[in-house]
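>
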Amino acid sequence: MRRFALSSIRKGSAKYVEVERILTSGVINNQLQSPFRTVSTHFHYPGYRQSFQRGASHGDFHSTSFSAGEAALGEEKGKKSAELQGVDNNLPPTKEGQKPRVVVLGAGWAACRLLKDLNTKLYDVVCISPRNHMVFTPLLASTCVGTLEFRSVAEPVRTIQPATAREENSYYFLARCTSIDTEKKQVVCEAAGKEEVPYMKASGIFTVAYDKLVIASGAEALTFGIAGVPKHAIFLRDVNDAKAIRSKLLLNLAMAEIPGVSDEEKARILNCVVVGGGPTGVEFSGELSDFIRRDVLQKFSHMKGKVHVTLIEAREILSSFDVRLRQYATSHLEKAGVKLMKGVVKDVDAEKIILSDGTEIPYGLLVWSTGVGPSKFVKSLPFEKAPGGRIGVDEFLRVPGQEDLYAIGDCAGYLESTGKAVLPALAQVAEREGKYLAVALNRLAKAGAGRAGSKLQQGPVAENPFVYTHLGSLASVGSYKALLDLRSDGKQQRGISWAGFFSWLVWRSAYLTRVISWRNRVYVAVNWTTTFLFGRDITRL
Numbered sequence: 077m078r079r080f081a082l083s084s085i086r087k088g089s090a091k092y093v094e095v096e097r098i099l100t101s102g103v104i105n106n107q108l109q110s111p112f113r114t115v116s117t118h119f120h121y122p123g124y125r126q127s128f129q130r131g132a133s134h135g136d137f138h139s140t141s142f143s144a145g146e147a148a149l150g151e152e153k154g155k156k157s158a159e160l161q162g163v164d165n166n167l168p169p170t171k172e173g174q175k176p177r178v179v180v181l182g183a184g185w186a187a188c189r190l191l192k193d194l195n196t197k198l199y200d201v202v203c204i205s206p207r208n209h210m211v212f213t214p215l216l217a218s219t220c221v222g223t224l225e226f227r228s229v230a231e232p233v234r235t236i237q238p239a240t241a242r243e244e245n246s247y248y249f250l251a252r253c254t255s256i257d258t259e260k261k262q263v264v265c266e267a268a269g270k271e272e273v274p275y276m277k278a279s280g281i282f283t284v285a286y287d288k289l290v291i292a293s294g295a296e297a298l299t300f301g302i303a304g305v306p307k308h309a310i311f312l313r314d315v316n317d318a319k320a321i322r323s324k325l326l327l328n329l330a331m332a333e334i335p336g337v338s339d340e341e342k343a344r345i346l347n348c349v350v351v352g353g354g355p356t357g358v359e360f361s362g363e364l365s366d367f368i369r370r371d372v373l374q375k376f377s378h379m380k381g382k383v384h385v386t387l388i389e390a391r392e393i394l395s396s397f398d399v400r401l402r403q404y405a406t407s408h409l410e411k412a413g414v415k416l417m418k419g420v421v422k423d424v425d426a427e428k429i430i431l432s433d434g435t436e437i438p439y440g441l442l443v444w445s446t447g448v449g450p451s452k453f454v455k456s457l458p459f460e461k462a463p464g465g466r467i468g469v470d471e472f473l474r475v476p477g478q479e480d481l482y483a484i485g486d487c488a489g490y491l492e493s494t495g496k497a498v499l500p501a502l503a504q505v506a507e508r509e510g511k512y513l514a515v516a517l518n519r520l521a522k523a524g525a526g527r528a529g530s531k532l533q534q535g536p537v538a539e540n541p542f543v544y545t546h547l548g549s550l551a552s553v554g555s556y557k558a559l560l561d562l563r564s565d566g567k568q569q570r571g572i573s574w575a576g577f578f579s580w581l582v583w584r585s586a587y588l589t590r591v592i593s594w595r596n597r598v599y600v601a602v603n604w605t606t607t608f609l610f611g612r613d614i615t616r617l
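Numbering (my numbering), first residue to last: 77 to 617.
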């Protein structure tokens, strides 16, 4: 065995002596099933190549195999090297001659529009987010019932900003920012996927220095302090939520057909409750009603007439839309079989929700879509807060009192001192903030003020402050019907507002063209076509 393991190593070399010592000590037999097994390693040690070797372009990695003897030797040397020298787990400040570095926290609408528009000839870009893709949220509800596949609404960060995959000093890190040191101009991060790789010996904690830092970490679903919501409800914020909803829905349909299930239990299992009458809740209810009326009828015929949808809203559904559109949506959903209820949720347990008036509503699937609020991370930051607990910013999206620090998207809001109205937590607001800030930062770099603490940066980052003009709202209500509200001011009745099939065509066309990549546009178009021809996919994976 020793002769086989040492056959490829020059006899008498230091490497030969060290491998022979390890083989003799039994390290190989203790750690591996076979001393001759080829293993793919995940460590770095002096004198050998890395197990993931950087390819021709940054971000491309190729697995490299080593013999068992080399693996054991490398692991032992790697441990010694780490003990003696420590591990450099920092991305240090940029030096003269290097491009300044923009660090972006988040991968939502604001962050990804910023990443897309930043000039990477002027900046190195680092994106840090526990999610490696952007979610096209307007179409997320369609994935819950199989109208669209999940990959159709997910766009990888490395595709949105190719520099993170190709450029030597630009990166995407699957990590969470845990704190910000504005004096040292660095962020402290922790790897987001470390719990899924128990064999990873590195701590996963690292720091990244920045020249410009943009916080675009988004927001979290509001639960209003109801303890049972996080435990029993499913939010509709990202692809994992949509997967959970789809899986639970199909599981409930299957369980309801099991012999011995009582009618009472069956009624509970097949009641889908949606809390929140905003665009997300209404669109999901519409998709779900379509699924019930078409696909359940054809593919779960034993459940015909037994699956129900209940939509609960404290006030009126779609409160930001024109009153005529709200009335149309209410009438359409009720005709589609959706039960609309007004009420405030007081408590949630595993089988029912309880309203403030004491009404109990049993459920098998509970989807929570009641708006968003500041995340724990945003709450922990020591910056001045805007109304609602967001990070306070001025009219140029800067965090006052902090050099080279900006905040955009749902995590940020105007300080009261600016005199500006609170911006809604909408995708179009976040996207346009990202676009505005990218133009401003590019302008700074061209003026020679891209580096941290640049003396040239005396005035505002842009020529004009950020101004948001509402372009209108769209919402699908199912059955090839949608709402189109093009009023520039939601408080006024002036402007165009349509409902019906034509609005649905506009809704589909608008979102198909807004999907970021041509790949996903093709996916969406193909999914819509196959769903129309063959029905929704009911595979539970």
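Glycine residues also receive a C-beta, built at the ideal position from the N, C-alpha and C atoms.
Is L617 buried or exposed, if buried means 16 or more other CB atoms sit within 10 Å of its CB?
For the purposes of this step, residue 617 is identified with residue 541 of the sequence shown, where counting begins at 1. The residue in question, L617, is exposed, as its Cβ has fewer than 16 Cβ neighbours within 10 Å.
> Looking at the structure shown, is A34 part of a helix, part of a strand, or coil, going by DSSP?
No answer is possible for residue 34: it lies beyond the span of the chain, which begins at 77 and ends at 617.
> Please return the same chain residues whose Cβ sits closer than 8 Å to the Cβ of Y286, not counting the five positions on each side in sequence.
One-based indexing of the sequence shown puts residue 286 at position 210. R177, V178, V179, V202, K261, Q262, V263, D480, A528.
> If you drop the 5 nearest sequence neighbours on each side, which residues of the same chain put their C-beta closer than 6 Å to that of I592?
As a working mapping, residue 592 is identified with position 516 in the sequence shown. Here the set comprises E231.
> Over what stretch of residues does the beta strand (DSSP E) that includes Y248 continue unbroken?
By 1-based counting over the sequence shown, the position of residue 248 is 172. It spans 247-257 - the beta strand (DSSP E) in which Y248 sits, taken as one unbroken run.
> Is Y275 closer than 8 Å to N347 when the C-beta atoms are compared?
Position 271 of the sequence shown, counting from 1, holds the residue named residue 347. Position 199 of the sequence shown, counting from 1, holds the residue named residue 275. Contact flag unset, no.
> To the nearest angstrom, how far is it from the Cα of R252 to the Cα of H408?
Here the question's residue 252 lines up with position 176 in the sequence shown. Here the question's residue 408 lines up with position 332 in the sequence shown. Whole-angstrom Cα-Cα distance: 42 Å.
> Report yes if the C-beta distance between L491 and G464 is below 8 Å; otherwise report no.
Here residue 491 refers to the residue found at position 415 when the sequence shown is read from its first residue. Here residue 464 refers to the residue found at position 388 when the sequence shown is read from its first residue. No. Outside cutoff.
> Out of V421, A426, D486, state which residue places its alpha-carbon closest to the alpha-carbon of R313.
The count along the sequence shown starts at 1 and reaches residue 313 at position 237. Minimum Cα distance to R313 is reached at D486.
> Taking the straight line between their C-alpha atoms, what separation do you get for P541 and A523?
Your numbering for residue 541 matches position 465 in the sequence shown. Your numbering for residue 523 matches position 447 in the sequence shown. The alpha-carbon atoms of P541 and A523 are separated by roughly 18 Å.
> Count the other CB atoms, across all protein chains shown, that sit within 10 Å of the CB of F137; report buried if there are 16 or more and exposed otherwise.
The residue you call residue 137 lines up with position 61 of the sequence shown. At F137, the pLDDT of 33 sits below 50, so the modelled position is not reliable; the number obtained from the coordinates is stated separately. Label assigned to F137: exposed.
> Helix, strand or coil: which one does DSSP assign to P232?
Walking along the sequence shown from the start, residue 232 turns up at place 156. Correct three-state label for P232: strand.
> Can you tell me the Cα-Cα spacing of G554 and R612, whole angstroms?
As a working mapping, residue 554 is identified with position 478 in the sequence shown. As a working mapping, residue 612 is identified with position 536 in the sequence shown. Straight-line Cα distance between these residues: approximately 14 Å.
> Ordered along the chain, which non-local residues of its own chain (more than five positions away) have a Cβ less than 6 Å from that of H384?
Within the sequence shown, residue 384 is the residue found at index 308, counting from 1. Correct list, in chain order: N347.
> In the structure shown, what three-state DSSP assignment does M379 receive?
On the sequence shown, position 303 is the one that residue 379 refers to. M379: helix per DSSP, three-state reduction.
> Counting pairs of Cβ atoms below 8 Å between the segment 435-450 and the segment 306-322, do you hit three or more?
Yes, they touch.
> Kindly indicate which three-state DSSP category I388 falls into: helix, strand or coil?
Within the sequence shown, residue 388 is the residue found at index 312, counting from 1. In the structure shown, I388 sits in a strand (DSSP, three-state: E or B).
> Are at least three pairs of beta-carbons, each pair with one atom in the segment 193-210 and one in the segment 230-248, less than 8 Å apart?
These segments touch.
> May I ask which residues mark the beginning and end of the beta strand (DSSP E) holding R595?
Along the sequence shown, one-based indexing puts residue 595 at 519. Here R595 belongs to no beta strand (DSSP E); instead the alpha helix (DSSP H) covers 594-610.
> Is it buried or exposed for N166, if we count other Cβ within 10 angstroms and need 16 for buried?
One-based indexing of the sequence shown puts residue 166 at position 90. When all chains shown are included, N166 counts as exposed.
> When DSSP builds the beta bridges, which residues end up paired with T283?
Here residue 283 corresponds to residue number 207 of the sequence shown, with the count starting at 1. DSSP output for T283 lists N166, V264 as bridge partner(s).
> Tell me which residues share the same chain as E363 and place their Cβ nearer than 8 Å to its Cβ, disregarding the 5 neighbours each side in the sequence.
Taking the first residue of the sequence shown as 1, we reach residue 363 at position 287. The residues are A217, S218, C220, V221, T223, S552, G554.
> Ends of the beta strand (DSSP E) at H209?
Numbered from 1 along the sequence shown, position 133 holds the residue referred to as residue 209. Start and end: 209-211.
> Alpha carbon to alpha carbon, what distance is there between V505 and E225?
Numbered from 1 along the sequence shown, position 149 holds the residue referred to as residue 225. Numbered from 1 along the sequence shown, position 429 holds the residue referred to as residue 505. Each residue's alpha carbon lies about 26 Å from the other.
> Could you round the C-beta distance between A601 and L588 to whole angstroms and report it? I think they count as a contact, below 8 Å.
Within the sequence shown, the letter at position 525 stands for residue 601. Within the sequence shown, the letter at position 512 stands for residue 588. Right, their Cβ atoms sit about 7 Å apart.
> Are the Cβ atoms of Y404 and L547 separated by less than 8 Å?
Residue 404 sits at position 328 when you count from the first residue of the sequence shown. Residue 547 sits at position 471 when you count from the first residue of the sequence shown. Cβ atoms of Y404 and L547: not closer than 8 Å.
> Given that a residue counts as buried once 16 or more other Cβ atoms are within 10 Å of its Cβ, and exposed if not, what is T435?
Here residue 435 refers to the residue found at position 359 of the sequence shown. Exposed, since its Cβ has fewer than 16 Cβ neighbours within 10 Å.
> By the three-class DSSP mapping on this structure, what secondary structure does Y587 have?
Looking up residue 587 in the sequence shown gives position 511. Helix.
> Give me the Cα-Cα distance between E266 and Y247, rounded to the nearest whole angstrom.
To locate residue 266, count along the sequence shown from 1; it is residue 190. To locate residue 247, count along the sequence shown from 1; it is residue 171. Taking the straight line joining both Cα atoms gives about 15 Å.
> Is V221 near the ligand SAM, with its Cβ less than 7 Å from a heavy atom?
Judged by which ligands are present, the structure shown has none, so any question about the ligand SAM falls away.
> Starting from the C-beta of E410, find all residues in its chain whose C-beta is less than 7 Å away, skip the five residues before and the five after it, and write them out in chain order.
Against the sequence shown, residue 410 aligns to sequence position 334. Same-chain partners within the cutoff: L416.
> Can you give me the Cβ contacts of V448 inside the same chain, cut-off strictly under 7 Å, excluding the 5 residues immediately before and after it?
As a position in the sequence shown, residue 448 is number 372, starting the count at 1. Only A295, E296, A297, L298, D486, A501 meet the Cβ criterion.
> Beta carbon of E460, beta carbon of A186: below 8 Å?
The residue given as residue 460 occupies position 384 in the sequence shown. The residue given as residue 186 occupies position 110 in the sequence shown. Not in contact: E460 and A186 (Cβ atoms no closer than 8 Å).
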